[in-house]
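Below is one structure, written out as structure tokens; comments come after it.
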Amino acid sequence: MQRRADQGWVEVISGPMFSGKSEELIRKVTRYNLARVPTQIFKPAIDIRYAVGEVVSHSRLSIAAEPVEDSMTLLKSVEDRTVVVGIDEGQFFDNGLVDVVTRLAAAGKKVIVAGLDMDYLGRPFEPIPSLMLKAEYVTRTLAVCHRCGGPGLFTQRVVESDELVVLGATDTYEARCRRCYDPTEAQQGRLDLESVSE
Numbered sequence: 007m008q009r010r011a012d013q014g015w016v017e018v019i020s021g022p023m024f025s026g027k028s029e030e031l032i033r034k035v036t037r038y039n040l041a042r043v044p045t046q047i048f049k050p051a052i053d054i055r056y057a058v059g060e061v062v063s064h065s066r067l068s069i070a071a072e073p074v075e076d077s078m079t080l081l082k083s084v085e086d087r088t089v090v091v092g093i094d095e096g097q098f099f100d101n102g103l104v105d106v107v108t109r110l111a112a113a114g115k116k117v118i119v120a121g122l123d124m125d126y127l128g129r130p131f132e133p134i135p136s137l138m139l140k141a142e143y144v145t146r147t148l149a150v151c152h153r154c155g156g157p158g159l160f161t162q163r164v165v166e167s168d169e170l171v172v173l174g175a176t177d178t179y180e181a182r183c184r185r186c187y188d189p190t191e192a193q194q195g196r197l198d199l200e201s202v203s204e
């Protein structure tokens, strides 16, 4: 039985770090695996925090995944028989991911993308916001604030770095609510250290 192009769709799972995005992606793809629906999962090659050939959640759930360098490599790696395409850490892909996901959905694939929608400064973290606008389904997850236990909407960087992408987990980032989030916190720590050393 051949798939019709109108059966394709896009789902985006977005939110801050520690909100269960990868866990939700694993859960959804596993359901298709149990039903013997052909699936493939991809992750950015730069994400080697827990494993190279797996998507691993912070709670240590895991599923096999293929690391790829960019969105075009991802597109070329999708097999014809694949029905469900899972993509983790979508924010680490280039902006071409939007076109790739759109093309996959137009070809009848069910595409599920998980990723951060804001960076550590609270700015839109492309390409996730653009993907959200083109998705049939959007799930916005919240974490638990590491400071007060409230609804964690933001990713707080707790180490000093001016780089946009700094791979890390609880040693580098915390989830924060609106009240506890301070995008200048890591910078203030740097200024405090400089004043002590003078």
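Following my numbering, the numbering of the sequence shown begins with 7 at its first residue and continues without gaps. Ideal Cβ placement from N, Cα and C applies to all residues, glycine included.
The beta strand (DSSP E) spanning residue i covers which residue range?
| i | result |
| --- | --- |
| Val117 | 116-122 |
| Val90 | 90-93 |
| Val62 | 60-62 |
Could you tell me which residues DSSP puts in a beta bridge with residue i?
| i | result |
| --- | --- |
| Pro130 | Met124 |
| Phe160 | Arg182 |
| Ile69 | Val61 |
| Phe48 | Glu72, Ile93 |
| Ile19 | Ala120, Thr145 |
| Val150 | Pro157 |
List the endpoints of the continuous alpha helix (DSSP H) containing residue i.
| i | result |
| --- | --- |
| Tyr143 | It is not in any alpha helix (DSSP H) - Tyr143 instead sits in the beta strand (DSSP E) that spans 143-146. |
| Val43 | Segment: none, Val43 is in no alpha helix (DSSP H) and carries neither H nor E. |
| Ser25 | Ser25 -> no alpha helix (DSSP H), and no H or E assigned at all. |
| Val104 | 103-112 |
| Thr79 | 77-83 |
Taking residue i as the reference, which of the options has the closest Cα?
| i | options | result |
| --- | --- | --- |
| Ile32 | Trp15, Ala51, Glu60 | Glu60 |
| Glu75 | Asp53, Val91, Ser68, Val89 | Asp53 |
| Asn101 | Tyr143, Glu169, Leu137, Asn39 | Leu137 |
| Val43 | Glu29, Val91, Ile69 | Val91 |
| Val144 | Val119, Glu132, Arg109 | Val119 |
| Thr178 | Leu110, Ser167, Arg184, Leu148 | Ser167 |
| Pro157 | Val164, Cys183, Thr147 | Cys183 |
| Leu127 | Glu169, Ser28, Val35, Leu67 | Glu169 |
| Arg129 | Leu40, Lys115, Val107, Asp188 | Asp188 |
| Ala70 | Val35, Ile134, His152, Leu148 | Val35 |
| Phe131 | Thr88, Glu72, Val104, Asp86 | Val104 |
| Pro73 | Ser25, Pro135, Arg37, Phe99 | Phe99 |
| Val16 | Phe24, Glu191, Leu139, Arg163 | Leu139 |
| Pro133 | Asp94, Thr88, Glu30, Asn39 | Asp94 |
What distance in whole Å lies between the Cβ atoms of residue j and residue i, which are believed to be in contact at a cut-off of 8 Å?
| i | j | result |
| --- | --- | --- |
| Ala181 | Ala141 | In fact, because the Cβ distance is near 23 Å, the residues do not count as touching under 8 Å. |
| Thr161 | Lys27 | Rounded, the Cβ-Cβ distance is 11 Å, inconsistent with contact. |
| Gly114 | Gln13 | 5 Å |
Three-pair Cβ contact test at 8 Å for the region 118-125 versus the region 17-24: yes
Validate contact between the region 74-81 and the region 36-54 using beta carbons, cut 8 Å, 3 pairs: yes
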